[in-house]
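Protein chains: 2
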Amino acid sequence: MTRIITSEDVARQAGVSTATVDRVMNGRAGVRPATAERVLQAVEMLGYVRDTRASSLSRRNKRKIWVFLPDSNTSFRAALSEEIEAAAMEFARSCDLVDVQAYMAFEPEDLVRSLKSVERDSCDGVILVATDDDDVRSSINRISDMGIPVVTLVSDSPRAGRAHYVGIDNIAAGRTAGRLMGRFLIDDRRPVALVCGSFLVRDHVERRLGFEQLMHKDFPQVPILPALEGFDDPAKMEQVVGALLQAHPDLGGLYSIGAGNRGAIQAFANTGRGDVVFITHELTDLSREAIRNGIIDAVIHQDPGHEVRSAFRLLQAELDGTPIRWEQERIRIEIFVKDNLP
Amino acid sequence: MTRIITSEDVARQAGVSTATVDRVMNGRAGVRPATAERVLQAVEMLGYVRDTRASSLSRRNKRKIWVFLPDSNTSFRAALSEEIEAAAMEFARSCDLVDVQAYMAFEPEDLVRSLKSVERDSCDGVILVATDDDDVRSSINRISDMGIPVVTLVSDSPRAGRAHYVGIDNIAAGRTAGRLMGRFLIDDRRPVALVCGSFLVRDHVERRLGFEQLMHKDFPQVPILPALEGFDDPAKMEQVVGALLQAHPDLGGLYSIGAGNRGAIQAFANTGRGDVVFITHELTDLSREAIRNGIIDAVIHQDPGHEVRSAFRLLQAELDGTPIRWEQERIRIEIFVKDNLP
DNA sequence: CTGTTAGCGCCTTCAT
DNA sequence: ATGAAGGCGCTAACAG
Chain A
62 MTRIITSEDV ARQAGVSTAT VDRVMNGRAG VRPATAERVL QAVEMLGYVR DTRASSLSRR
122 NKRKIWVFLP DSNTSFRAAL SEEIEAAAME FARSCDLVDV QAYMAFEPED LVRSLKSVER
182 DSCDGVILVA TDDDDVRSSI NRISDMGIPV VTLVSDSPRA GRAHYVGIDN IAAGRTAGRL
242 MGRFLIDDRR PVALVCGSFL VRDHVERRLG FEQLMHKDFP QVPILPALEG FDDPAKMEQV
302 VGALLQAHPD LGGLYSIGAG NRGAIQAFAN TGRGDVVFIT HELTDLSREA IRNGIIDAVI
362 HQDPGHEVRS AFRLLQAELD GTPIRWEQER IRIEIFVKDN LP
Chain B
62 MTRIITSEDV ARQAGVSTAT VDRVMNGRAG VRPATAERVL QAVEMLGYVR DTRASSLSRR
122 NKRKIWVFLP DSNTSFRAAL SEEIEAAAME FARSCDLVDV QAYMAFEPED LVRSLKSVER
182 DSCDGVILVA TDDDDVRSSI NRISDMGIPV VTLVSDSPRA GRAHYVGIDN IAAGRTAGRL
242 MGRFLIDDRR PVALVCGSFL VRDHVERRLG FEQLMHKDFP QVPILPALEG FDDPAKMEQV
302 VGALLQAHPD LGGLYSIGAG NRGAIQAFAN TGRGDVVFIT HELTDLSREA IRNGIIDAVI
362 HQDPGHEVRS AFRLLQAELD GTPIRWEQER IRIEIFVKDN LP
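Chain order of the listed sequences is A and B.
All residue numbers for the first sequence refer to the numbering used here, where the first residue is 62 and numbers rise by one.
All residue numbers for the second sequence refer to the numbering used here, where the first residue is 62 and numbers rise by one.
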């Protein structure tokens with residue numbers, strides 16, 4: 062057991078006091094560059110790593126993390142909220158305070174407005190479900206430039222200066238759905254349809270892209286019908302999918318990219334078309350039930366609990382200057398069939 | 062922000078000192094039942110939860126966790142070791158010391174021998190890859206009865222008094238493989254084969270059971286060949302699978318339940334039989350590569366990193382009396398195809 | 001059986 | 001720009 066290196070060791074080695082070491086470690090002002098340099102050398106030399114327990118203990122949980130979520134009411138969104146709640150409790154006890162704010166879904170200006178209120182002294186870190194939008198991007202950059210780390214969750218703003226994105230690669234998710242579709246189909250002459258939530262939401266566009274790419278490449282003989290829009294709305298979905306089933310008695314498969322699957326499931330139940338391969342996103346009580354009784358054949362899933370915890374951990378790591386365990390943070394594109402349901 | 066309840070609050074409320082609160086909280090002896098009761102009531106009443114940071118800080122990382130692993134040299138086993146190493150470092154800095162010991166795989170007596178050395182004063186918690194064996198079970202019970210929590214990892218000893226099992230349900234894993242096999246098959250008149258590592262290893266038996274059950278139930282027309290044994294050994298596997306491919310030119314699928322897949326992949330590569338649906342367990346560099354170039358069609362996976370971290374967290378929770386976040390600890394039966402590889 | 005006291009390693013005033 | 005000292009909440013000796 063090698064003794065643990067403390068800030069005191071570093072202080073002694075650098076010929077300063079622990080207060081100065083602390084200042085350097087936390088990047089606070091008021092240290093002559095030369096002194097800081099000596100401290101850094103001592104840290105390096107001794108292999109000092111600060112003890113986050115002691116750190117957070119003495120800091121008395123004073124950090125503030127702000128979370129911004131869209132106000133949509135899909136089950137996935139509900140799950141996210143729940144998980145944030147849970148994570149907040151967990152981290153509150155061991156480190157932080159968390160403020161959650163909802164912004165209007167699909168309305169970047171509203172998010173931008175909310176982000177305006179983020180200031181250095183009231184906020185130490187930000188987690189948000191972003192959109193790939195110029196104004197959102199510059200808002201993120203403003204915050205980031207103030208030295209406040211930003212983590213995007215589930216939906217990214219790729220060109221912004223966020224510290225991390227936590228979520229899946231939606232193109233790959235679409236490809237995965239395509240692979241399963243191609244292989245699950247019994248008769249590759251029967252056409253396959255796909256329904257987006259919206260043609261304008263980046264995630265949906267990417268999933269669709271991945272799906273269509275893969276189908277064209279690996280299952281070129283399968284006819285793909287023009288994509289439909291269901292607006293993440295159960296009623297609309299039921300109508301759209303109902304019409305689809307009626308119009309195509311030979312439909313081979315359906316890939317539902319967005320939410321509102323309650324409606325799609327209903328449409329299937331109404332017509333009793335169990336032979337259509339039906340693939341959706343996100344495991345919920347509903348999709349679980351539908352997978353059990355054979356309406357849904359596979360669900361592509363991302364674990365909101367994992368995502369939320371990961372976002373918090375990454376933000377913490379950013380704040381603490383702790384190393385990141387990437388293997389633990391990699392969000393999986395999960396596949397569920399009837400037999401591996403959790 | 063409600064003030065945080067400390068042990069001091071509890072002490073005051075119960076009319077005792079913090080030392081006594083500490084004794085009660087940690088189940089140490091030397092407290093009159095009546096006093097303990099008063100403390101417990103105060104805890105309940107104030108909603109006190111002990112701060113694990115302060116706790117572990119003041120304890121000076123003195124806990125000892127012992128880990129027992131089989132000495133087999135599969136890639137999965139290597140991954141486990143690595144992850145334990147990583148977890149040990151992580152937890153060493155924030156809580157514990159970890160001792161890892163290898164025992165001879167498939168030799169319960171050797172494990173039992175090692176477990177004999179576990180004593181109260183040199184060990185606070187145990188993690189082990191168990192086997193379902195009478196002697197192992199009673200060893201676990203002995204340790205458990207001393208008040209040392211035991212967590213089984215990857216392979217369980219179900220009837221023993223372990224605190225938790227961290228791993229997948231292997232019957233469900235087998236069923237999942239069966240589902241994919243049934244749906245991936247192009248022609249359901251072509252026979253399907255399966256190779257175990259050994260007919261005697263519980264995990265393999267369970268996977269096989271799940272697989273065969275599901276095939277018989279949901280794909281009854283598919284002929285299933287008698288199971289083979291590959292002894293988790295690449296050379297043996299190459300030979301067995303090679304012979305299989307030769308004997309059955311019309312083979313439709315192969316489910317490899319155990320390790321040694323290097324050999325199986327080699328056999329496939331030798332014969333160029335890309336049309337056989339090949340499903341294996343555990344994602345490794347090898348299986349990843351084989352999935353990329355189309356030899357393997359799907360991999361059923363359990364994440365060793367997740368499993369190891371989970372085992373440590375559960376043991377800690379047991380030791381600290383902290384609540385467990387079950388959603389975080391549920392080990393998934395993961396499915397990988399070409400498109401959702403991490 | 002129970003209380004007192006001195007840390008654990010770091011951060012935060014408050015001086016200098 | 002830097003240091004000294006007290007405290008975060010809990011545990012471990014040591015008294016009594």
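By construction, the Cβ of each residue, glycine as well, lies at the ideal position given by its N, Cα and C atoms.
(message) Here's the rule: buried if 16 or more other CB atoms are within 10 angstroms of the residue's CB, otherwise exposed. What is residue 64 of chain A?
(response) Label assigned to residue 64 of chain A: exposed.
(message) If I measure Cβ to Cβ from residue 183 of chain B and keep anything under 7 Å in the same chain, skipping five residues before and after, which residues do I get?
(response) 125
(request) Measuring only between beta-carbons, confirm whether residue 75 of chain B sits less than 8 Å from chain A. (result) No, because no Cβ of chain A sits closer than 8 Å to the Cβ of residue 75 of chain B.
(request) Between the Cα of residue 235 of chain A and those of A:263, A:402, A:82 and A:403, spot the shortest distance and give me the residue it belongs to. (result) A:263
(request) Output the boundary residues of the beta strand (DSSP E) element that contains residue 123 of chain A. (result) First-last for residue 123 of chain A: undefined, no H or E at that position.
(request) List the residues that DSSP assigns as beta-bridge partners of residue 211 of chain B. (result) B:187
(message) One question on the structure: do residue 239 of chain A and residue 210 of chain A come within less than 8 Å of each other, judged by their Cβ atoms?
(response) no
(request) Check the DSSP bridge columns for residue 159 of chain B and list the partner residues they point to. (result) B:126
(request) Identify every run of the alpha helix (DSSP H) within the stretch 283–363 of chain A, keeping only runs that are complete inside it and at least 4 residues long; order them along the chain. (result) 295–308, 322–332 and 346–353
(message) Against chain A, does residue 388 of chain B count as a neighbour if the rule is that its beta carbon must be under 8 Å from one of theirs?
(response) yes
(request) Would you give the residue range spanned by the beta strand (DSSP E) that residue 254 of chain A belongs to? (result) 253–257
(request) Give the DSSP-derived three-state secondary structure of residue 94 of chain A in the structure shown. (result) Residue 94 of chain A falls in the helix class under three-state DSSP.
(request) Pick out whichever of B:115, B:76, B:112 and B:91 has its Cα sitting closest to the Cα of residue 102 of chain B. (result) It is B:76.
(message) In the DSSP assignment, the beta strand (DSSP E) including residue 390 of chain B goes from what residue to what residue?
(response) Careful: residue 390 of chain B lies outside any beta strand (DSSP E), inside the alpha helix (DSSP H) at 387–390.
(message) Would residue 330 of chain B and residue 298 of chain B qualify as a contact pair, given that the criterion is a beta-carbon distance under 8 Å?
(response) no
(message) Tell me the DSSP secondary structure of residue 365 of chain A in three-state form.
(response) In the structure shown, residue 365 of chain A falls within a helical segment according to DSSP collapsed to helix, strand and coil.
(message) Quick check on residue 105 of chain A - is its C-beta less than 8 Å from some C-beta in chain B?
(response) no
(message) With distance defined between alpha-carbon atoms, name the residue in B:272, B:179 and B:130 nearest to residue 213 of chain B.
(response) B:130
(request) Indicate whether residue 68 of chain A and residue 121 of chain A have their beta-carbon atoms separated by less than 8 Å. (result) no
(message) Only counting the same chain, and skipping five residues up and downstream in sequence, which positions put a Cβ closer than 8 Å to that of residue 208 of chain A?
(response) 181
(message) Quick check on this structure: which residue in B:376, B:279, B:369 and B:72 has the alpha carbon closest to the alpha carbon of residue 142 of chain B?
(response) B:369
(request) Taking residue 161 of chain B as the query, report the chain A residues whose CB atoms sit under 8 Å from its CB, ordered along the chain. (result) Within 8 Å Cβ-Cβ: nothing; residue 161 of chain B doesn't reach chain A, min ~15 Å.
(request) Pick out whichever of B:96, B:108 and B:99 has its Cα sitting closest to the Cα of residue 66 of chain B. (result) B:108
(request) Can you pull the chain A residues whose beta carbon is under 9 Å from the beta carbon of residue 237 of chain B, in chain order? (result) 398, 399, 400 and 401
(message) Quick check on DSSP: helix, strand or coil for residue 397 of chain A?
(response) strand
(message) At the level of alpha carbons, what is the spacing between residue 242 of chain B and residue 252 of chain B?
(response) Their Cα atoms are separated by approximately 11 Å.
(request) Select from A:132, A:225, A:381 and A:153 the residue whose C-alpha is nearest the C-alpha of residue 391 of chain A. (result) A:225
(request) In the DSSP assignment, find the beta strand (DSSP E) that holds residue 227 of chain B and state where it starts and stops. (result) Its beta strand (DSSP E) spans residues 225–227.
(request) Please work out which residues of its chain come closer than 6 Å, Cβ to Cβ, to residue 149 of chain A, disregarding the five sequence neighbours upstream and downstream, and give them in chain order. (result) These residues qualify, in order along the chain: 159.
(request) Count the other C-beta atoms from every protein chain shown that fall within 10 angstroms of the C-beta of residue 400 of chain A, then say buried if there are 16 or more, exposed otherwise. (result) buried
(message) Going by DSSP in three states, residue 62 of chain A sits in which element: helix, strand or coil?
(response) Residue placement at residue 62 of chain A is poorly supported in this model, since its pLDDT is 48, which falls under 50; the coordinates are not used for a value here.
(request) Anything in chain A within Cβ reach of residue 379 of chain B, meaning under 9 Å, just list it in chain order. (result) Neighbours of residue 379 of chain B on chain A: none; closest Cβ ~18 Å, over 9 Å.
(request) Consider the Cβ of residue 356 of chain B: report whether some Cβ of chain A lies at a distance smaller than 8 Å. (result) no
(request) Tell whether a beta-carbon distance below 8 Å holds between residue 295 of chain B and residue 323 of chain B. (result) yes
(message) Contact between the stretch 338–346 of chain A and the stretch 361–368 of chain A is defined here as three or more beta-carbon pairs at a separation below 8 Å; is this criterion met?
(response) yes
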